[in-house]
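What follows is a single structure, written as structure tokens, with notes after it.
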Amino acid sequence: MLTEQQGLVTELARLRREAIAEAGASGLRQDEIARRLGVSPGRVSQMKSASGKAASETGGGGGDRPAVVVQRALPTEPSVRGSASLFLTEAERQGIRPDRRMLYVGPERAADHVASALRVDPDTEVLARRKLMLADDVPVRIATSYFRLELFGGTAIAAPDFVRPSLQAGIEALGHRFGHAEEHLTARPPTEAEAETLALAPGEWVVQVLRASYSADDTPIHTLETICAASRHIFPIGQVAGADEF
1 MLTEQQGLVT ELARLRREAI AEAGASGLRQ DEIARRLGVS PGRVSQMKSA SGKAASETGG
61 GGGDRPAVVV QRALPTEPSV RGSASLFLTE AERQGIRPDR RMLYVGPERA ADHVASALRV
121 DPDTEVLARR KLMLADDVPV RIATSYFRLE LFGGTAIAAP DFVRPSLQAG IEALGHRFGH
181 AEEHLTARPP TEAEAETLAL APGEWVVQVL RASYSADDTP IHTLETICAA SRHIFPIGQV
241 AGADEF
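For the sequence shown, the UniProt record's numbering gives the first residue as 1, with consecutive numbering after it.
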């Protein structure tokens, strides 16, 4: 059943992209296409990009953007994680022009895996901060930070836009001290929303990185879910010195 649903989602996304391509070829403006499909003009732009990518890969016409591959180190160096933006710092080190856009800040019902990491019941309202990361203008990641509302509701962490000077500094300013973190990677087909936001071609997968961080007294503080376009990422994995073998 799950496979059938994933197939339907992929087919619907393909049909929507084809409709956008045909509408654009007929001379309709992007805002008019968005109105007819019931989506935002930005979403139309993302789906048009994905259509061009798919056409190029299958021998179709149209000039595709150069392939973009970014690195996401596991684990992340403390100096990078403590910077103003993990993504901006990593991308700049790789010679890539990074950008980020805040998509949403507010309450959201926790999915099972997020609820488990935050140690709350599924569907409990938590605070979500969702960002889109771009490399050379290509969308590569959707990063969503989740926090327990009873700890962070009404604080600077719940304010719209980016936390200054950094999210880490904002958390520590509230008196929380880091204890430990766990990271889990899952490769899977994207949801329809993920495929459209990341401008993925049909058949492309994502890698979900779930990082759960706990304070020194083992309180769940920050759960970060990063949805990475699999074909646009490399994950260098570092080993702890003195704790491994050849």
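Even glycine gets a Cβ: it sits at the ideal position worked out from N, Cα and C.
Every value quoted in this text rests on a predicted model; they were computed, and no experiment measured them.
May I have the straight-line CA-CA distance separating residue i from residue j, to the nearest angstrom?
i: Leu200; j: Glu172; result: 36 Å
i: Gly238; j: Ala73; result: 8 Å
i: Thr89; j: Arg29; result: 37 Å
i: Ala159; j: Val105; result: 7 Å
i: Pro202; j: Pro190; result: 10 Å
i: Ser166; j: Phe152; result: 15 Å
i: Arg211; j: Val69; result: 21 Å
i: Ser145; j: Phe87; result: 14 Å
i: Ala110; j: Ala91; result: 30 Å
Apply the 10 Å Cβ neighbour rule to residue i and answer buried if 16 or more other Cβ atoms are within range, or exposed otherwise.
i: Thr186; result: exposed
i: residue 310; result: No answer is possible for residue 310: the residues shown for the chain start at 1 and end at 246.
i: Ala143; result: buried
i: Tyr214; result: buried
i: Gln168; result: buried
i: Ala216; result: exposed
i: Arg129; result: buried
i: Glu196; result: buried
i: Arg232; result: buried
How many whole angstroms separate the CB atoms of residue i and residue j, which I take to be in contact at a CB cut-off of 8 Å?
i: Glu225; j: Val120; result: About 15 Å; that fails the 8 Å criterion.
i: Arg148; j: Leu174; result: 12 Å between Cβ atoms; not a contact.
i: Ala156; j: Gly179; result: At roughly 22 Å, the Cβ-Cβ gap does not stay under 8 Å, so Ala156 and Gly179 are not in contact.
i: Glu194; j: Ile221; result: That pair is no contact at about 25 Å.
i: Val140; j: Ala229; result: 5 Å
Classify residue i as helix, strand or coil using the three-state DSSP reduction.
i: Thr219; result: coil
i: Thr124; result: coil
i: residue 269; result: The structure shown has nothing for residue 269, since the chain only spans 1 to 246.
i: His113; result: helix
i: Ala159; result: coil
i: Glu32; result: helix
i: Phe178; result: strand
i: Gln71; result: strand
Less than 7 Å separating the Cβ of residue i from some heavy atom of the ligand COA?
i: Ala128; result: The model depicted lacks the ligand COA and carries no ligand whatsoever.
Using 8 Å as the limit for Cβ to Cβ distance, is residue i near chain E?
i: Asp218; result: Within the model displayed, chain E is absent; a lone protein chain is all it includes.
Problem - Contact the stretch 201-218 vs the stretch 122-136: 3+ CB pairs below 8 Å - result: Because the criterion of three Cβ pairs below 8 Å is not met, the stretch 201-218 and the stretch 122-136 do not touch.
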